[in-house]
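One structure is given here, and the rest of the page talks about it.
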Amino acid sequence: MTTNDYLQIALFLGVLLLLVKPLGSYMACVFSDAPNRVTRLGAGVERVLYRVCGIHPEEDMGWKQYTWAMLAFNLLGLLAVYALQRLQLWLPLNPAHMAAVSPDSAMNTAISFATNTNWQGYGGESTMSYLTQMLGLAVQNFLSAATGIAVLIAVIRGFVRRSSAGLGNFWVDLTRSTLYVLVPLSLLLTLVLVSQGVVQNFKPYAEVPVLQTTHYTETVKDAAGHATTHEVPVTTQTLPMGPAASQIAIKQLGTNGGGFFSVNSAHPFENPTPLSNFFEVLAILLIPAALCYTFGKMVGDRRQGWALLAAMLVIFVPLLLVCTGAEQAGNPLLHGLGVDQHASALQAGGNMEGKETRFGIVNSTIWATATTAASNGSVNAMHDSFTPIGGLVPMWLIQLGEVIFGGVGSGLYGMLAFAVVAVFIAGLMVGRTPEYLGKKIEAHEMKMASIAVLIPCALVVIGTAIAVMVPAGFGSVANPGAHGFSEMLYAVSSASNNNGSAFGGLSVNTPFWNVLLGICMFLARYPLIVAMLAMAGSLAAKRSVPPSAGTLPTHTPLFVTLLACVVIVIGALTFLPALALGPIVESLLGH
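Residue numbers (our numbering): 25 to 615.
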């Protein structure tokens, strides 16, 4: 790695950590039960929304009522996105006359955006109308992210409240997440992106002349079936347009990740400059990192939030350095061929395959690591072209359960499930009933936490096994051998952890893959949420347990280390055999 690599990584992490406290404190005010300056500022708008929608904001929902409200709302959103795709041919704001999306692809995309996964088996500029992009996909970017934040706040209340049957009001939490957090930040980021050249318009696609005419070979068959070829000149190029900046802002801030264009944030109309790249990748981790401070402030001990953030960084930073180092070292297949892959004044060095020259290696690896540590899935480089070890890092970060920052809300409540497991293990070591934040962790809480931790793991291994055994699964792989297996493993891992990024090299817009990944995305989101809300409901009903000499402090470096080890060990034990068949053996063969 070069000095420039270290400086850029330090700048990114430094800016991120500087923003954690102010944004985290602001969000704690947003979700506070007591009136404050933040909520008083938007109180009028809130009251209008509640009155129009028939919501009773004073109602305190139990965990079952909270869960049913969340599920019903998300199901309606899923059906709306499906209907928009199927009907877009006859709807307005379709200047390119996009056809109706096929049923299996529409189903997959609807589940994808409702679950905050944003897996895309289609090309945005060749499939979706402007109306579908805005009213369907962009709206779900807001609402799926707001759902994750709302569930997290309910889980936090489970730890905070004593002998209570309620976890708050889902509709209030959803409204405040959108109104006070996601909309203002998205407006600000949209303005920044437009200033950098990201497109934001309703113009039809533009036909422009190319600077240099090129040719391609076209094969034509006559009535007798005889094929002839001839050269066809290419004198124009079609440039896609559309309201991209507004969707890109929320796709990053809401850890959604769905690109307006097919190649996502590698496209110059989505991410034109190094400055736009910095703000977009910063937006991926901004809210998930700040929510750690929000958690600490809401439970009355900021050290608890810093401890969770530290556990995330303990895993994230070393893996970021490994990924960057692997890519900067270059393609191992070229080491023995005399190819100069060293960084110098004349070249970036390293493995630049699949990366944009305007970003270089370090900005590509920061993005790849951040987007898979968080439940984002957007890309500015093709992970399929990374070196075996460079590609292993983002894949394993997904497989760790999307708790290293993770999705907005969902990452932190996933990490809290691991924290419950960690204190339970510590309790077994010292022979005491485990406690976390003044609540006893008993059989019910452990069952719910175990379900939340194990569901994604089970979906990955079962889904990948099905894919490699069924011809419709492995028949979509373009690359044979270990790399082809890595592509399938990555795709199922991405769907089963609500990430949404892809290795590439895998034709997934088929009925088999659309159905398989759709099922994985659905089961990776909602059963896990139900388990976490059930755990929160049980915790809220309990009384507080005063700390004693046998209580494990959960804000110390010891607990940070224990929590990080639990996350790593579960991820390693579950996926090491599969990784050995994919990127690990590919790396060994390359050497």
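Note that beta-carbon positions come from the ideal geometry of N, C-alpha and C, so glycine has one too.
Taking the C-alpha atoms as reference points, what is the distance between residue i and residue j?
i	j	result
Tyr204	Glu466	36 Å
Phe302	Ala269	15 Å
Gln89	Asn60	27 Å
Leu452	Asn538	43 Å
Leu600	Leu612	15 Å
Val62	Leu333	25 Å
Ser219	Phe293	12 Å
Leu571	Phe448	Checking the displayed sequence, the identity of residue 571 turns out to be Pro instead of Leu. Their Cα atoms are separated by approximately 16 Å.
Arg327	Val432	20 Å
Val532	Met545	14 Å
Arg64	Phe166	22 Å
Leu42	Glu255	57 Å
Val69	Cys77	12 Å
Asn142	Ala394	16 Å
Leu530	Val175	34 Å
Ala526	Ala58	43 Å
Phe183	Val222	43 Å
Tyr240	Pro267	32 Å
Gly595	Pro535	30 Å
Trp195	Ala519	27 Å
Val207	Ile173	14 Å
Gln224	Thr91	37 Å
Please check the pair residue i and residue j, which I expect to be a contact at CB under 8 Å, by giving their CB distance rounded to whole angstroms.
i	j	result
Thr389	Glu426	Thr389 to Glu426, Cβ: 19 Å. No contact.
Leu310	Leu277	7 Å
Leu586	Ala450	6 Å
Asn132	Ser168	In fact, because the Cβ distance is near 15 Å, the residues do not count as touching under 8 Å.
Gly281	Gly401	3 Å
Ile428	Phe284	Not confirmed; about 27 Å, so no contact.
Leu540	Gly499	13 Å between Cβ atoms; not a contact.
Ala189	Ala565	6 Å
Leu603	Leu416	6 Å
Arg186	Arg549	Not confirmed; about 30 Å, so no contact.
Pro480	Asn521	5 Å
Using only CA atoms, which one of the options lies nearest to residue i?
i	options	result
Arg456	Leu65, Thr575, Asn375	Thr575
Leu343	Val494, Gly606, Ile422, Val125	Ile422
Leu35	Ser402, Gly182, Asn387, Phe498	Asn387
Val287	His407, Gly324, Ala189, Val218	His407
Ile180	Val323, Ala104, Glu149, Ala489	Val323
Val346	Ala392, Leu370, Thr381	Ala392
Ala491	Ala506, Lys471, Val477, Ala515	Ala515
Met152	Ala120, Ala138, Ala170	Ala120
Pro577	Ile594, Asp325, Pro412, Ser518	Asp325
Lys620	Asn521, Leu217, Gly320	This structure leaves residue 620 out entirely; the chain is present only between 25 and 615.
Ala314	Met336, Pro298, Thr297	Met336
Ser150	Val363, Met265, Leu99	Met265
Asp271	Ser201, Gln164, Thr243, Val591	Correcting the residue type first, residue 271 is Gln in the shown sequence and not Asp. Nearest C-alpha to Gln271: Gln164.
Leu215	Gly528, Ile274, Ala170, Ser520	Ile274
Pro412	Gly362, Leu370, Ser434, Leu357	Leu357
Ala93	Val125, Leu198, Pro504	Leu198
Thr171	Leu161, Lys471, Val125, Ser201	Ser201
For residue i, which residues of its own chain have a beta-carbon under 6 Å away from its beta-carbon, when the five flanking residues on both sides are left out?
i	result
Phe55	Ile177
Thr318	Gly48, Met51, Ala52
Leu209	Leu277
Leu605	Phe509
Cys20	Because the chain spans 25 through 615 in this model, residue 20 falls outside it and cannot be assessed.
Thr238	Val258
His468	Ser562
Ala506	Gly606, Val609, Glu610
Pro251	Strictly speaking, residue 251 in this sequence is Ala, with Pro absent from that position. Excluding sequence neighbours, Ala251 sits near Thr243, Lys245.
Asn375	Glu351, Gly354, Asn355, Thr411
Confirm the yes/no value for this check: CB of residue i, any heavy atom of the ligand NAD, distance under 7 Å.
i	result
Ala58	The ligand content of the structure shown is nil, which means the ligand NAD is not present either.
Please list, in chain order, all residues of the same chain as residue i whose beta carbon is under 7 Å from its beta carbon, the five residues on each side excluded.
i	result
Val569	Glu459, Gly462, Lys463, Lys464
Ala307	Leu213, Gln276, Leu277
Ala473	Ala441, Val444, Val445, Met559
Ala372	Gly384, Ile385
Asn193	Pro81, Glu83, Asp84, Met85
Asn295	Ser289, Asn301, Glu304, Asn404
Thr260	Glu231, Val232, Pro233, Val234
Ser409	Glu377, Gly378
Leu102	Ala134, Ile135, Ala138
Met25	Thr348, Gly349, Gln352
Tyr74	Pro81
Leu424	Val591, Gly595
Report all residues from its chain with a CB closer than 8 Å to the CB of residue i; omit the five preceding and five following residues, and keep chain order.
i	result
Gly430	Thr279, Pro312, Ala397, Ala398, Ser399, Leu436, Gly438, Met439
Ile475	Pro551, Leu552, Ala555
Gly147	Phe285, Ser286
Query raised in the report: Are the segment 156-169 and the segment 94-109 touching by the rule of at least three beta carbon pairs closer than 8 Å?
Result: yes
Query raised in the report: Touch check for the segment 110-127 and the segment 501-521: three-plus C-beta pairs under 8 Å?
Result: no
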